[in-house]
Amino acid sequence: MEGVAIVGIGIHPFGRHPGLTGRYQGAYAIRKALGDAGIGWPDVQCAFGGSAAAGNPDTLVGDLGLTGLPFVNVYNGCATGGSALTMAERAVRSGDHDLALAVGFDKHPRGAFNASSAMSGLGDWYGETGLMLTTQFFALKIQRYLHDHGLSRDILAKVAAKAFRNGALNPNAWRRRPLTEEEIAAAPMLSHPLTQYMFCNPAEGGVALVLCRADQASRYAARPVYLRAVSFRTRRFGSFEVFSPWLSPERVPGPTAEAAAEAFEKAGIGPAEVDLAQLQDTESGAEIMHMAEAGFCRDGDQEVLIRDGMTEIGGRLPVNTDGGCLANGEPVGASGLRQVYECVLQLRGQAGSRQVPGEPRVAFTHVYGAPGLSACTVLSR
Amino acid sequence: MTTVPIAEGLFTWPEAPHLIGGSCPDCGTTTFPRQPACPRCTRAGMREVALATRGTLWSWTIQGFEPKPPYAGDGSFTPYGVGYVELAALADSAAAVLVESRLTVAEPEQLHIGDELELVIVPFRRDADGNELVTFAFRPASRTA
């Protein structure tokens, strides 16, 4: 087989880990991934690492070994992990390297992200007057989406309840206590219509992936998973994105729709062939909107599909089988790679009590975030 | 005590307040605030335009917790409404635009997509020199306009 395979995966549990640095969690994930592939650090020919707030990934060579390899740091908002993976994939697909590593880790303080106006090219007044919050943006977006497509607020709690149910089955997840829809709906309203338990939290964790030429995959893995496509896009004019003091009345599909369509086209695989998906669920509404944007249903069909159990483990298209961002939190640098980790585990049939039945063959991952970007992958056995 | 706008170039004040936008001479796109180049057609050089002072609520939420810095309120946090307000094109001016703004209403029962709103300049906080900073917001429109 041509192309790129994933032959090693490693994770440091997500959550809060007082006393452990983000860098430590990244190095831990790398050692796990190397062990999974049955290789040593000197075998890695190039590396791409992302962290938004926990240090420079390339300094991990001080812990892992000074082997002289090229190690590129990636700093790309919520697509940091996806971008690191994109570059590692290119490094192998281009023929430049046979074996590459992508790593992401982070460690964020408690509470919502406090974004800087100046870093995003906006006036100080925008942050000072309390308009520059990702939480607010997601609330404004899902409020309008529910209105436009006649969806009820009830499904927001349903999506969150599923995330915590799945998280309870995942030993690496942060929030492992199932919550009822009633508890979720009755939690403090942070940004109407979204309550506390409908939002994910900034958190900590690390993930690493070892990639190699597909024709060499059997050297490292009994059950390689093929990275059929990676696509990464940013917003166009008319897309409704975070940190927008104004919007055009024109509306065009967001970066998710473009990245997903391109990934499916490159892979030669359609959304109907996907057996499980990890979709960015910064909050419950995001998962609902991304189901349609990624091409898995039409706008407005989500309510019936969710009530019918389509997105549950065991449903037609299980979504966020590891608990997603809601149960794992969002260490920005690691979050997109966590999705790929989970898909590889599922496609190998190693996901334990949360294993998707029926020996899934095709999986899809999707990250989305500030300032209007998305990275998607299509994976298959 | 002096009363000053939270930032220059956002709105005219105190007489006949309106938001100050940018309009692209080529494609007519309106931005808020005014910016150097058009994000739609990439043309450099936007002209300054006055935006409509009444509009309709396009989406809304209520900020229920006190944001971290760079938010700089007056120390006593109360939840506030936030929305996008659709401002129609003015005959002699810019194309329609949705502007993100604080809302004077923070009760879910009193906010509906499509509500008619109007611009108002409101006190926001005192700065280090004791000046009262004012910012823009939208409130339910008066019936007489």
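If you're matching them up, the sequences are chains X and C in order. At position 30 of the first sequence (counting the first as 1) the number is 30 in my numbering, and the numbers step up by one without a gap. Every number in my numbering is 381 more than the matching position in the second sequence, counting from 1. By construction, the Cβ of each residue, glycine as well, lies at the ideal position given by its N, Cα and C atoms.
Hey, does C/G445 have any beta-carbon neighbour from chain X nearer than 7 Å?
-> Position 64 of the second sequence, counting from 1, holds the residue named residue 445 of chain C. Yes, because at least one Cβ of chain X sits closer than 7 Å to the Cβ of C/G445.
Would you kindly check if the distance between the Cβ of C/Y452 and the Cβ of C/R483 is under 7 Å?
-> Taking the first residue of the second sequence as position 1, residue 483 of chain C is located at position 102. Taking the first residue of the second sequence as position 1, residue 452 of chain C is located at position 71. Result no, Cβ atoms of C/R483 and C/Y452 do not sit closer than 7 Å.
Skipping 5 residues on each side, what residues in its chain have a beta carbon closer than 6 Å to that of X/A260?
-> In the first sequence, the residue the question calls residue 260 of chain X occupies position 260. For X/A260, where only same-chain residues beyond five positions count, the Cβ hits under 6 Å are A294, G295 and C376.
Check whether the Cβ atoms of X/A160 and X/M198 lie closer than 7 Å to each other.
-> As a working mapping, residue 160 of chain X is identified with position 160 in the first sequence. As a working mapping, residue 198 of chain X is identified with position 198 in the first sequence. In this structure, X/M198 lies closer than 7 Å to X/A160 by Cβ.
Helix, strand or coil at X/F264 according to DSSP, with G and I counted as helix = Taking the first residue of the first sequence as 1, we reach residue 264 of chain X at position 264. X/F264: helix per DSSP, three-state reduction.
In chain order, what residues of the same chain have a beta carbon less than 7 Å from the beta carbon of X/S83, not counting five sequence neighbours either side?
-> To locate residue 83 of chain X, count along the first sequence from 1; it is residue 83. Same-chain partners within the cutoff: G50, V74, N76, F232 and A375.
Distance CB(X/I8)-CB(X/A33) smaller than 7 Å | By 1-based counting over the first sequence, the position of residue 8 of chain X is 8. By 1-based counting over the first sequence, the position of residue 33 of chain X is 33. Checking the sequence shown, residue 8 of chain X turns out to be Gly, not Ile. Yes, the Cβ-Cβ distance between X/G8 and X/A33 is below 7 Å.
Looking at chain X, which residues of the region 424-442 of chain C have a Cβ within less than 9 Å of any of its Cβ atoms?
-> W439, S440, W441 and T442
Nearest residue (CA-CA) to X/V332, options X/A52, X/Q280 and X/G111 | For this step, residue 332 of chain X is matched to residue 332 along the first sequence. Measuring from the Cα of X/V332, the nearest candidate turns out to be X/A52.
Buried or exposed: where does C/C422 fall if 16 or more other Cβ atoms within 10 Å of its Cβ makes it buried?
-> One-based indexing of the second sequence puts residue 422 of chain C at position 41. Per the 10 Å Cβ criterion, exposed.
Starting from X/S188, find everything on chain C with Cβ-Cβ shorter than 9 Å and list it in chain order.
-> On the first sequence, position 188 is the one that residue 188 of chain X refers to. The sequence given here places Pro at residue 188 of chain X; Ser does not occur at that position. Residues of chain C passing the Cβ test: G445 and F446.
Coil, strand or helix - X/P271 by DSSP = Indexing the first sequence from 1 puts residue 271 of chain X at position 271. In this structure, X/P271 counts as helix in the three-state DSSP scheme.
Report yes if the CB atom of X/A27 is closer than 7 Å to the CB atom of X/L60, and no otherwise.
-> Counted from its first residue, the first sequence places residue 27 of chain X at position 27. Counted from its first residue, the first sequence places residue 60 of chain X at position 60. Yes, the pair counts as a contact, with Cβ atoms nearer than the cut-off.
Identity of the residues DSSP links to X/R99 by a beta bridge = In the first sequence, counting from the first residue as 1, residue 99 of chain X sits at position 99. The sequence shown places Leu at residue 99 of chain X, not Arg. Beta-bridge pairing links X/L99 to X/C212.
Are the C-beta atoms of X/D245 and some chain C residue less than 7 Å apart?
-> Along the first sequence, one-based indexing puts residue 245 of chain X at 245. At residue 245 of chain X the sequence reads Pro, which differs from the Asp that was named. Yes, because at least one Cβ of chain C sits closer than 7 Å to the Cβ of X/P245.
What do you get for X/E204, buried or exposed, if any count of 16 or more other CB atoms within 10 angstroms of its CB means buried?
-> Here residue 204 of chain X corresponds to residue number 204 of the first sequence, with the count starting at 1. With 16 or more other Cβ atoms within 10 Å, it is buried.
Whose C-alpha, out of X/R90, X/W246 and X/P224, is nearest the C-alpha of X/L122?
-> Position 122 of the first sequence, counting from 1, holds the residue named residue 122 of chain X. The shortest C-alpha separation from X/L122 is found at X/W246.
List the residues of chain X that C/L391 touches, going by C-beta distances under 7 Å, in chain order.
-> Looking up residue 391 of chain C in the second sequence gives position 10. By Cβ distance, chain X contributes W125.
Kindly indicate the opening and closing residues of the alpha helix (DSSP H) around X/C376.
-> Numbered from its first residue, the first sequence carries residue 376 of chain X at position 376. Note, X/C376: premise wrong, no alpha helix (DSSP H); beta strand (DSSP E) at L373 to S380.
In three-state terms, what does DSSP make of X/K141?
-> Numbered from its first residue, the first sequence carries residue 141 of chain X at position 141. Residue state, collapsed to three classes: helix.
Going by beta carbon distance, what residues of the same chain come within less than 8 Å of X/F237, once the five residues before and after it are set aside?
-> Taking the first residue of the first sequence as position 1, residue 237 of chain X is located at position 237. Excluding sequence neighbours, X/F237 sits near S248, E250 and V252.
Under the DSSP definition of a beta bridge, which residues are partnered with X/M189?
-> The sequence position of residue 189 of chain X within the first sequence is 189, counting from 1. According to DSSP, which records beta bridges pairwise, X/M189 is partnered with X/T195.
Is the shortest distance between the beta-carbon of X/E330 and the beta-carbons of chain C less than 7 Å?
-> Locating residue 330 of chain X in the first sequence gives position 330, counting from the first residue. Cβ-Cβ to chain C under 7 Å: no for X/E330.
Using a beta-carbon distance below 7 Å, is X/G130 in contact with chain C?
-> Indexing the first sequence from 1 puts residue 130 of chain X at position 130. It does; some Cβ of chain C falls within 7 Å.
The region 123-134 of chain X / the region 307-316 of chain X touching (three or more Cβ pairs under 8 Å) | no
By how many angstroms is the C-alpha of C/L514 removed from the C-alpha of C/A418?
-> Start at 1 with the first residue of the second sequence, and residue 418 of chain C comes out as number 37. Start at 1 with the first residue of the second sequence, and residue 514 of chain C comes out as number 133. C/A418 and C/L514: Cα-Cα distance of roughly 29 Å.
Report the neighbours of C/H494 on chain X: residues whose CB is nearer than 8 Å to its CB, in chain order.
-> Translated into the one-based positions of the second sequence, residue 494 of chain C becomes position 113. The sequence given here has Ile at residue 494 of chain C, not His. Going along chain X in sequence order, the residues near C/I494 (Cβ under 8 Å) are Q143, R144 and H147.
Taking 7 Å as the CB-CB cut-off, is C/A453 touching chain X?
-> Here the question's residue 453 of chain C lines up with position 72 in the second sequence. At least one chain X Cβ lies under 7 Å of C/A453.
Decide if X/P357 is buried, meaning its Cβ has at least 16 other Cβ atoms within 10 Å, or exposed.
-> Here residue 357 of chain X is taken as the residue at index 357 of the first sequence, counted from 1. Exposed, since its Cβ has fewer than 16 Cβ neighbours within 10 Å.
Would you mind sorting C/Q491 into buried or exposed? The rule is 16 or more other CB atoms within 10 Å of its CB.
-> As a working note, residue 491 of chain C is residue 110 in the second sequence. That one is exposed.
Are three or more beta carbon pairs between the region 273-283 of chain X and the region 399-409 of chain C nearer than 8 Å?
-> no
Counting only beta-carbon atoms, is C/R421 nearer than 7 Å to chain X?
-> To locate residue 421 of chain C, count along the second sequence from 1; it is residue 40. Closer than 7 Å: yes.
Selection from X/A370, X/V344 and X/R228 that minimises the alpha carbon distance to X/G10 = Start at 1 with the first residue of the first sequence, and residue 10 of chain X comes out as number 10. Comparing Cα positions, the closest option is X/V344.
Selected residue, minimal CA-CA separation from C/L498, among C/P504, C/V463 and C/S523 | The residue you call residue 498 of chain C lines up with position 117 of the second sequence. When only C-alpha atoms are compared, the closest one is C/S523.
Taking the DSSP output, what are the residues bridged to X/E283?
-> Walking along the first sequence from the start, residue 283 of chain X turns up at place 283. In DSSP, X/E283 forms a bridge with X/F199.
For the candidate residues X/P178, X/G68, X/Y341 and X/S353, whose alpha-carbon lies nearest to that of X/T365?
-> Here the question's residue 365 of chain X lines up with position 365 in the first sequence. Cα-wise, what sits closest to X/T365 is X/Y341.
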